[in-house]
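Student: Chains as they are written, first to last, in the numbering used here: chain C, 2 to 414; chain D, 2 to 414; chain U, 345 to 682; chain V, 345 to 682. Pasting a structure below so you can have a look.
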Amino acid sequence: MASQSRLHVPKTPARPGDQPDFSYLKLVPAGETRRPDVGAASTDLRFLSEELVRVLDDSHQAVGPWNPHLDAKELQIGLRHMLLTRVFDDRMQRIQRSGKISFYMRSLGEEAVSVAMAMALRPSDMLFPSYRNQALYVVRGRPIVDLMCQLLSNTRDMCKGRQLPVMYHWRNGNIFSISGNLATQFPQAVGWAMAAAIKGQDDVAVSWLGDGSSAEADFHHALLFASVYKAPAILCVVNNQWAISTFQGFAGGERQTFAARGPGYGIAGVRVDGNDFLAVHAVTQWAAERARTGGGPTLIEHVTYRAAAHSTSDDPARYRPKDDYERFPLGDPVLRLKNHLIALGEWSEERHSALTAELEEHIAKSWKEAVGFGTLTDPPRLDPHLMFEDVFRDMPEHLRRQEAELRAEQDRD
Amino acid sequence: MASQSRLHVPKTPARPGDQPDFSYLKLVPAGETRRPDVGAASTDLRFLSEELVRVLDDSHQAVGPWNPHLDAKELQIGLRHMLLTRVFDDRMQRIQRSGKISFYMRSLGEEAVSVAMAMALRPSDMLFPSYRNQALYVVRGRPIVDLMCQLLSNTRDMCKGRQLPVMYHWRNGNIFSISGNLATQFPQAVGWAMAAAIKGQDDVAVSWLGDGSSAEADFHHALLFASVYKAPAILCVVNNQWAISTFQGFAGGERQTFAARGPGYGIAGVRVDGNDFLAVHAVTQWAAERARTGGGPTLIEHVTYRAAAHSTSDDPARYRPKDDYERFPLGDPVLRLKNHLIALGEWSEERHSALTAELEEHIAKSWKEAVGFGTLTDPPRLDPHLMFEDVFRDMPEHLRRQEAELRAEQDRD
Amino acid sequence: MAQMNMIHALNSAMDVMLGRDPSVVVLGEDVGYFGGVFRCTEGLQRKYGESRVLDTPIAEGGILAAAIGMGVNGLRPVAEIQFADYIYPAYDQIVSELARLRYRSAGEFYAPVTVRTPCGGGIRGGQTHSQSPEALFAHVAGLKVVMPSNPYDAKGLLISSIEDDDPVIFFEPKRIYNGPFDGDPHKPAVPWSTHPKGEVPDGHYTVPLGKADIVRAGSELSIITYGTMVHVSEAAARGLGLDAEIIDVRTMVPLDIDTICGSVARTGRCVIVHEATRFGGFGAELSASIQEQCFWNLQAPILRVAGWDTPYPHAFEWEYFPGQARVARALKAVMEAA
Amino acid sequence: MAQMNMIHALNSAMDVMLGRDPSVVVLGEDVGYFGGVFRCTEGLQRKYGESRVLDTPIAEGGILAAAIGMGVNGLRPVAEIQFADYIYPAYDQIVSELARLRYRSAGEFYAPVTVRTPCGGGIRGGQTHSQSPEALFAHVAGLKVVMPSNPYDAKGLLISSIEDDDPVIFFEPKRIYNGPFDGDPHKPAVPWSTHPKGEVPDGHYTVPLGKADIVRAGSELSIITYGTMVHVSEAAARGLGLDAEIIDVRTMVPLDIDTICGSVARTGRCVIVHEATRFGGFGAELSASIQEQCFWNLQAPILRVAGWDTPYPHAFEWEYFPGQARVARALKAVMEAA
Ligand SMILES: Cc1ncc(C[n+]2csc(CCOP(=O)(O)OP(=O)(O)O)c2C)c(N)n1
Ligand SMILES: Cc1ncc(C[n+]2csc(CCOP(=O)(O)OP(=O)(O)O)c2C)c(N)n1
Ligand SMILES: [Mg+2]
Ligand SMILES: [Mg+2]
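Okay, here's the thing in structure tokens:
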């Protein structure tokens with residue numbers, strides 16, 4: 002039966018044993034894509050969804066109309082945030098193997114997406130992240146120790162032991178709670194933005210999901226509601242080419258960009274080099290200003306690459322070439338910003354090594370502090386009865402009784 | 002609070018008391034839109050989703066590259082199907098008022114969409130209609146009596162009394178069962194088309210939903226799966242401007258056409274004058290050939306108008322101008338085809354009145370026959386125990402016991 | 345005080361809350377300009393504006409997601425799902441998000457969303473305008489579930505639901521929107537004006553969530569029911585001349601199990617009545633809990649009267665609907681047992 | 345005969361059916377090239393090709409809709425939902441469409457879709473990798489609902505499900521994919537090779553839907569359970585030295601109530617055990633039905649042991665999970681009663 006099949010199945014460019022192949026990636030040289038007025042009609046912006054906004058060229062210079070002209074200090078801060086995120090991820094990955102935390106997800110290779118965007122936004126803008134945007138916490142200044150305590154589900158865990166590692170939240174930092182269910186945050190961000198418009202707030206809602214997650218119904222709900230009510234929202238598809246083992250062609254990326262979905266719904270769509278700190282920053286500024294001035298939502302596709310395994314439960318060697326990432330044409334976001342700063346004479350290998358060492362030291366110290374508040378396996382431990390709280394604002398009678406049952410059960414042990 | 006609101010709310014062009022206003026409708030003169038090769042890449046077809054395919058001009062002539070050059074006989078058959086549908090709808094509407102049937106939905110003003118499409122397709126193509134495509138049954142030759150028996154939930158009801166009126170189905174006619182839940186049939190049609198491709202079948206799946214229904218998640222599921230697997234499917238948004246009381250702007254039609262969603266997903270999108278029998282026929286042929294030759298799916302937006310109330314439970318005078326339809330720029334599909342045939346010298350007012358009389362007679366006779374098999378209120382009646390069948394292929398024990406309980410309950414009465 | 349049917353009472357509850365609390369918004373399909381297909385929101389958009397009473401796209405999942413986001417941003421959304429039969433596209437946002445947001449964020453985030461939706465049969469609506477899916481929500485930790493049986497409770501419970509910081513799924517038995525219904529479709533319809541609970545205060549008042557109502561005190565057996573079936577049960581018991589204690593559950597979550605078990609402990613006999621399909625319906629939870637707590641008081645098996653385990657059939661509505669005959673059979677069986 | 349764990353057994357069932365019946369297709373997220381995140385479909389795409397074993401977009405609603413359409417066009421789709429916690433986006437297509445298609449079309453159309461999905465906790469998966477939502481499907485008329493507790497049943501029941509013309513929701517308790525689990529996380533893991541039901545025929549065989557399995561005959565009380573809890577219940581009863589009759593429900597719909605009530609009628613005592621949250625869980629239906637039919641035989645109240653009515657908490661997994669201690673308390677209570 003399969004023999005006579007005419008079903009089209011998206012091609013995956015390279016599997017284990019194959020040569021990495023990125024010929025499918027439509028690239029545009031840095032500086033080439035036009036920067037339209039933030040007030041332009043979405044129907045005049047189609048080119049933004051099909052080209053590729055880039056600022057950093059191959060000789061590490063910032064070029065073209067999208068150059069945000071950030072001063073060196075800001076770039077150095079950005080580099081530091083990206084590096085800290087990377088060092089943190091790297092350490093947590095190794096610690097998970099040791100069994101002290103049950104699960105972890107790295108953002109290796111995608112740090113610019115979260116860092117440049119968070120830096121280009123206002124602290125009062127509300128962020129609805131996926132599980133791979135940990136750098137947002139770094140930029141907004143949440144102590145790493147707090148994140149580690151969540152990973153450890155220990156006595157200082159912001160989630161009171163209820164959530165899987167990396168499912169952070171931070172009300173005072175205006176970062177929404179991460180759901181284990183993909184894409185649900187996307188239309189919620191639009192609802193938040195609608196409320197902002199209703200209340201006359203200036204703030205923008207920003208949300209992220211992956212190329213694979215864009216297949217979920219909530220992606221459509223988000224674009225549709227954002228379009229209908231012109232909600233002040235920035236919706237990001239982080240196209241890192243992979244959804245666990247599945248290539249982005251299976252999410253509809255084979256014949257069309259993800260950014261192009263925007264114009265289809267009558268909203269602006271922008272395709273940006275997600276590993277180009279300056280380009281991401283510039284596009285974010287543009288979309289935020291557009292939203293704040295009543296221009297409505299923007300869909301941003303970040304073209305990047307998931308350099309690490311999907312999670313600590315995953316082994317990419319099973320489904321893609323080992324050296325795939327080394328061949329990725331858009332390179333590494335940390336390296337590219339570093340080289341740009343060096344080209345500007347504002348950075349050096351020495352300073353970079355020094356910074357790396359300093360951050361590793363900081364992470365190591367933070368970890369020591371965090372484990373002092375307990376781990377999943379070692380005391381001190383959270384009181385299990387926290388399990389019954391926050392199901393409702395006030396604990397109803399049936400949960401009080403179950404709590405009592407548990408107490409009795411434990412007394413028997 | 003509302004005072005300071007900045008929320009954009011889509012405009013509804015005219016409400017009761019206002020002058021009808023169709024200035025929002027982007028029109029293109031008949032004959033102007035290009036007819037590309039059926040094998041063209043979806044990315045080169047964007048213009049089809051933004052312009053408007055039209056064949057019949059204001060002087061009732063068939064013009065331009067999309068003219069399907071159908072012979073007069075075929076046009077007369079099309080006119081007959083449309084007229085029969087209209088006469089049937091009209092009679093059922095009046096009968097519902099008399100209480101003999103519990104509910105009805107007319108397709109007044111939209112007859113060309115179903116008739117021209119069904120005539121342009123093969124009998125083996127599988128149709129997944131909404132509740133406003135009754136003309137498909139007329140074209141495929143299901144006796145009107147059978148439809149009436151369904152409306153009456155009588156002893157000849159194809160649904161065995163289980164479904165609300167108009168929720169027809171016809172396996173041997175290759176017409177899928179209508180669900181009361183909007184849009185669910187859209188991705189199911191794509192699954193059917195995927196199976197056709199897997200089996201190496203030549204047949205195409207065709208589905209319809211309304212402008213309002215296109216907001217449902219299943220619209221997105223359908224376009225996405227159709228795009229990923231290049232399924233041989235034709236997906237139609239029947240944009241009749243209204244979703245009960247809600248204008249199509251609330252479904253995302255304010256700044257972009259519905260057809261434009263297609264290119265956003267990398268599939269062909271065509272916007273067609275849904276009241277132009279010839280244009281609908283031509284576009285359907287094009288899309289069907291494209292699908293059969295491996296070109297993949299097409300999204301068709303039919304620009305038309307819901308001339309009648311949403312259903313017998315609705316009163317449009319509450320939410321739109323009484324004379325809105327009379328001012329609709331694309332006119333009436335029956336009248337337009339009739340005038341075209343007259344212009345061709347292939348039809349006349351006399352023949353039209355004669356045909357109308359003949360069809361009214363046919364409907365009246367059919368109704369007499371149908372009520373002979375019982376009505377919702379008058380015997381003969383279906384055996385209520387049919388209620389327990391077809392929940393599963395074989396009736397499980399717990400339903401046998403409930404069936405017995407019902408029998409006992411009825412004996413007590 | 346005024347005479348109100350359930351539609352007026354629900355409309356009045358939203359009117360009162362929109363007026364008192366600027367953070368309250370109403371959204372849903374056809375709820376704005378049109379006032380809702382059942383007229384429950386009639387006049388509210390004219391009074392409070394297009395950004396307090398919003399017409400939405402036909403996307404139940406999007407409506408719920410938007411409501412959650414609005415709730416997180418300080419609004420108090422009241423979302424209407426046009427028919428309970430159409431709530432499933434929103435099921436993921438309700439079950440995975442709305443119900444668990446407060447829990448997973450350790451109380452930092454929550455969305456005080458009320459979801460109003462007409463449920464139940466008896467209106468010739470067929471399989472997609474007649475469903476009673478309350479059990480599919482009552483099983484989900486983090487949701488409150490409510491169903492009123494009269495205008496007075498409808499307004500008071502809806503105001504409580506809107507003011508409540510937890511998510512509430514508010515079911516409205518559409519068969520009794522315009523008047524109480526005793527299960528006999530052949531009798532002329534009775535308006536709410538004939539019923540004491542059709543007397544409704546104009547202003548703000550609440551009926552607390554989590555409290556069942558003893559509709560009729562009695563000694564011979566306890567009938568535990570809610571929604572339309574409260575009226576059918578009353579008629580059935582009256583028909584048999586039984587001194588039944590009839591309890592209107594009103595709130596399925598949190599469940600007022602003490603009032604319910606207190607009654608069964610006294611009467612020793614219990615019949616549970618609901619419209620939803622029987623297998624795995626909410627009656628199963630009631631039966632199981634009552635049996636656990638009142639086992640030693642029971643003089644007869646607890647029986648459940650419910651809809652048959654089939655989709656809701658259009659032509660056989662009155663054979664499907666658990667009317668007086670079906671309730672009466674169970675009442676007799678329970679009285680005759682021992 | 346071969347030694348298989350549950351993953352091998354499920355893989356073998358799909359392999360056998362793909363080989364025997366050209367209309368069988370397998371589809372889901374990561375099920376193709378990769379072989380599934382739990383490896384259940386490993387090797388199948390290589391063996392049967394990309395259009396018999398399909399990788400899909402991450403859209404559970406789309407996967408179910410496509411499967412329904414394929415089923416209508418003569419295929420026999422086996423759809424995998426990566427975790428039961430992610431089945432809700434497909435809930436509308438399952439409840440409104442798959443379950444009711446045959447009924448609403450009077451038998452003209454149906455879709456013989458099997459939905460496989462890993463369920464249950466015990467793997468440190470937190471609130472979105474640990475759920476047991478079977479009650480949310482068992483209440484829906486038109487769906488068959490299955491949950492195996494060992495490799496032999498898993499393969500036989502999955503083949504029956506795929507061959508069945510009705511839709512089947514097939515839950516796989518992921519905690520026992522690799523070995524039976526008695527509820528004690530501190531003991532070293534035991535492989536299926538140590539268990540008689542780890543012996544599985546290589547070829548085609550079926551375990552019929554709708555038949556419960558008396559895992560252990562006994563006289564003192566009946567334990568009604570399924571999935572992982574079969575093993576926890578056995579251990580708990582053993583620990584108390586009770587001569588318990590343990591019944592593995594296996595198929596929740598259609599339910600083998602006669603075998604269950606036959607047992608309870610004999611023993612007069614009954615404990616129901618499942619992992620899902622207690623309120624409105626499937627145990628409520630079991631308790632209610634057993635009580636209705638066995639009331640006069642019962643010497644003690646039927647008790648339910650279940651997960652607490654909260655989301656599944658990551659750090660408190662073993663306080664949440666209904667382990668031997670919780671089961672033992674109920675067993676003692678039921679034995680001591682009277
Ligand atoms: C509703 C839902 N379906 C499936 C999953 C399982 N799952 C978790 S991550 C993932 C892949 C997501 O890929 P992508 O969206 O590209 O994000 P990335 O991991 O690449 O950042 C899947 C299938 C889930 N968490 N939720
Ligand atoms: C899932 C779902 N939500 C809501 C409804 C109620 N409803 C029935 S028809 C309709 C309007 C549909 O409008 P449109 O899609 O434009 O089709 P038209 O009636 O104009 O042909 C609505 C809201 C439904 N049947 N199903
Ligand atoms: Mg990805
Ligand atoms: Mg419409």
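Just so it is clear, CB atoms sit at the ideal spot from N, CA and C, and this is done for glycine as well. As the structure is a computational prediction, the values presented were derived from the model and not from experiment.
#1: Quick one: list the residues of chain C neighbouring residue 447(U), beta-carbon separation under 7 Å, in chain order.
#2: Can you pull the chain D residues whose beta carbon is under 9 Å from the beta carbon of residue 401(V), in chain order?
#3: Exposed or buried, which one is residue 173(C) when buried takes at least 16 other CB atoms within 10 Å?
#4: So which residues touch the region around ligand 3, with touch meaning a C-beta under 7 Å from any heavy atom?
#5: Please report whether the beta-carbon of residue 215(C) lies at a distance below 9 Å from any beta-carbon of chain U.
#6: What does the alpha-carbon distance come out to for the pair residue 221(C) and residue 423(V)?
#7: Ligand 1 heavy atoms versus the CB of residue 514(U): any closer than 8 Å?
#8: I need the straight-line Cα distance from residue 458(U) to residue 232(C), nearest angstrom please.
#9: Does the beta carbon of residue 136(D) fall short of 8 Å from some heavy atom of ligand 1?
#10: Is residue 252(D) near ligand 2 - that is, is its Cβ less than 8 Å away from at least one heavy atom of it?
#11: Using a C-beta to C-beta distance shorter than 7 Å, which residues of chain C count as neighbours of residue 598(U)?
#12: Taking the C-alpha atoms as reference points, what is the distance between residue 431(V) and residue 515(V)?
#13: Name the chain U residues whose beta carbon is nearer than 9 Å to that of residue 191(C)?
#14: Measuring alpha carbon to alpha carbon, tell me which residue in 511(U), 650(U) and 559(U) is nearest residue 391(C).
#15: Under the rule that 16 or more other beta-carbon atoms within 10 Å means buried, what is residue 528(V), buried or exposed?
#16: For residue 646(V), return the contacting residues in chain B, with the cut-off set at a CB-CB distance below 9 Å.
#17: Any heavy atom of ligand 1 within a distance shorter than 8 Å of the CB on residue 264(C)?
#18: For residue 647(V), list the residues DSSP reports as bridge partners.
#19: Where in the region 465-509 of chain U do unbroken runs of the beta strand (DSSP E), each at least 3 residues long, occur, reported from the N-terminal end onward?
#20: Taking residue 237(C) as the query, report the chain U residues whose CB atoms sit under 9 Å from its CB, ordered along the chain.
#21: Count the other C-beta atoms from every protein chain shown that fall within 10 angstroms of the C-beta of residue 594(U), then say buried if there are 16 or more, exposed otherwise.
#22: What distance in whole Å lies between the Cβ atoms of residue 7(C) and residue 198(D), which are believed to be in contact at a cut-off of 8 Å?
#23: Please report how far the alpha carbon of residue 560(V) lies from the alpha carbon of residue 636(U), in whole angstroms.
#24: Report the CB separation of residue 298(C) from residue 252(C) in whole angstroms; it is logged as a contact under 8 Å.
#25: Can you pull the chain U residues whose beta carbon is under 9 Å from the beta carbon of residue 185(C), in chain order?
#26: Helix or strand or just coil, what does DSSP make of residue 168(C)?
#27: Could you round the C-beta distance between residue 104(C) and residue 354(C) to whole angstroms and report it? I think they count as a contact, below 8 Å.
#28: Per DSSP, what kind of secondary structure is residue 358(V) in: helix, strand or coil?
#29: Cβ closer than 8 Å: which chain C residues qualify as neighbours of residue 623(V)?
#30: Quick check on this structure: which residue in 394(C), 279(C) and 165(C) has the alpha carbon closest to the alpha carbon of residue 76(C)?
#31: Could you tell me which of 509(V), 506(V) and 541(V) sits nearest to residue 522(V), measuring between CA atoms?
#32: Assign residue 157(C) to buried or exposed, taking buried as 16 or more other Cβ atoms, counted over all protein chains shown, within 10 Å of its Cβ.
Tutor: The structure says:
#1: 163, 391 and 392
#2: 222, 225, 226 and 229
#3: exposed
#4: 211(C), 212(C), 213(C), 239(C), 240(C), 241(C), 242(C), 243(C), 244(C), 249(C) and 307(C)
#5: Not closer than 9 Å to any Cβ of chain U, the Cβ of residue 215(C) fails to qualify, so no.
#6: 23 Å
#7: Within 8 Å of the C-beta of residue 514(U) there is not a single heavy atom belonging to ligand 1.
#8: Those two C-alpha atoms are separated by around 22 Å.
#9: No, the beta carbon of residue 136(D) sits no closer than 8 Å to any heavy atom of ligand 1.
#10: yes
#11: 397, 398 and 399
#12: When rounded, the distance between both Cα atoms is 11 Å.
#13: 406, 409, 410 and 413
#14: Closest option to residue 391(C), Cα to Cα, is 511(U).
#15: exposed
#16: Looking at the structure shown, chain B is missing, and the protein chains on hand are C, D, U and V.
#17: no
#18: 615(V)
#19: 488-490
#20: Going along chain U, no residue has its Cβ under 9 Å from residue 237(C), so there is no contact; the nearest lies around 16 Å.
#21: buried
#22: 5 Å
#23: 25 Å
#24: With 8 Å as the limit, residue 298(C) and residue 252(C) do not qualify as a contact, their Cβ atoms being about 20 Å apart.
#25: 409, 412, 436, 437, 440 and 441
#26: Residue 168(C): coil per DSSP, three-state reduction.
#27: Residue 104(C) to residue 354(C), Cβ: 31 Å. No contact.
#28: helix
#29: 399
#30: 279(C)
#31: 541(V)
#32: buried
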